[in-house]
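S.K.: Counted from 1, the sequence shown has number 118 at position 119 by numbering that gives the first Met the number 0; the numbering is strictly sequential. Here it is: the structure, laid out below.
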Amino acid sequence: MYTQTKVKNQKQAFVVGVEYYEEDLFLEIELGTFFTTQLHAQRIANSVHNVILLDNQIVLLFKNADSITITDDFLKYAFKFRLCIKPSMSSLDVSKLTQQERDDLIQNEAYMMTEEDMKEVQWDINTAFRYLQHQYEARDQTFFSFSSSANYVIPTNERIDQEGTRDAT
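In structure tokens:
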């Protein structure tokens, strides 16, 4: 039987990824499968600082100043685009709302996005770039800086104990 200390330090395979968005376009990037602890896998997911979409490549910038460039020819399997198909709500001036009205607004389902509001599209990098240029009248924009929205750490069934032996459970 494992002690609490051994279980805590047990390594396991985790699929790690991030999701970033610009307007209504979401970009999911799978960073990879890592044999590590759950805490370290979460740190890997949190290490992405920014994602920049150019007309023919995606650049991931990490907090340690490293970067990775993804193209349609290299690591195409690592990313996918999704569109939010929920009609956008009109903008509100929240500065005129009371604190209770703000709290109610945050919990208003009309402003919340669900999985049903998302549609996966089979786009290459250039198609996504052109979509943002056209949709948001940013034809002279040479890049789009995406904002972070989520990350994921999904455990697999393969584990490695402290001695380094693998156990597929």
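Using N, Cα and C, we set each Cβ at its ideal position, and we do this for glycine too.
Leaving out five residues on either side along the sequence, give the residues of the same chain with a beta carbon under 7 Å from the beta carbon of Ala77.
M.R.: Cβ neighbours of Ala77 beyond the five flanking positions: Ile28, Glu29, Ile69.
S.K.: What first and last residue would you give for the alpha helix (DSSP H) that runs through Tyr130?
M.R.: Residues 124-134.
S.K.: Return the CA-CA distance between Lys10 and Asn156, expressed in angstroms with no decimal places.
M.R.: If I take the Cα positions, the gap works out to 11 Å.
S.K.: Suppose contacts are defined by Cβ-Cβ distances below 7 Å. Is Ala64 in contact with Thr32 by that definition?
M.R.: The answer is no: Cβ separation not under 7 Å.
S.K.: Which value, in whole angstroms, describes the spacing of the CA atoms of Ser146 and His48?
M.R.: When rounded, the distance between both Cα atoms is 9 Å.
S.K.: State buried or exposed for Phe128, treating a residue as buried only when at least 16 other CB atoms are found within 10 Å of its CB.
M.R.: Buried: at least 16 other Cβ atoms inside 10 Å.
S.K.: Straight-line CA distance for Asn107 to Pro86?
M.R.: Going from the Cα of Asn107 to the Cα of Pro86 covers about 15 Å.
S.K.: Looking only at C-alpha atoms, which of Ala149, Phe142, Val14 sits nearest to Leu53?
M.R.: If we check each option's Cα against that of Leu53, Phe142 comes out closest.
S.K.: With 16 other CB atoms within 10 Å as the buried threshold, where does Leu96 fall?
M.R.: Classification of Leu96: exposed, given that the 10 Å Cβ count is below 16.
S.K.: Near Asp123, what residues of its chain come up, given a Cβ to Cβ distance below 6 Å and the 5 sequence neighbours on each side ignored?
M.R.: So the list reads Asp71, once near-sequence residues are dropped.
S.K.: My assumption, with CB atoms under 8 Å, is that Tyr20 sits in contact with Ser148. Please give the rounded CB distance.
M.R.: Correct: roughly 5 Å between the Cβ atoms.
S.K.: Please report the straight-line C-alpha distance between Asn45 and Leu24, rounded to a whole angstrom.
M.R.: When rounded, the distance between both Cα atoms is 21 Å.
S.K.: Who pairs with Tyr20 in a beta bridge, going by DSSP?
M.R.: In DSSP, Tyr20 forms a bridge with Phe25, Ser146.
S.K.: Among the candidates Asn150, Met111, Lys79, Phe34, whose CA atom is the shortest distance from the CA of Val120?
M.R.: Out of Asn150, Met111, Lys79, Phe34, Lys79 has the C-alpha closest to the C-alpha of Val120.
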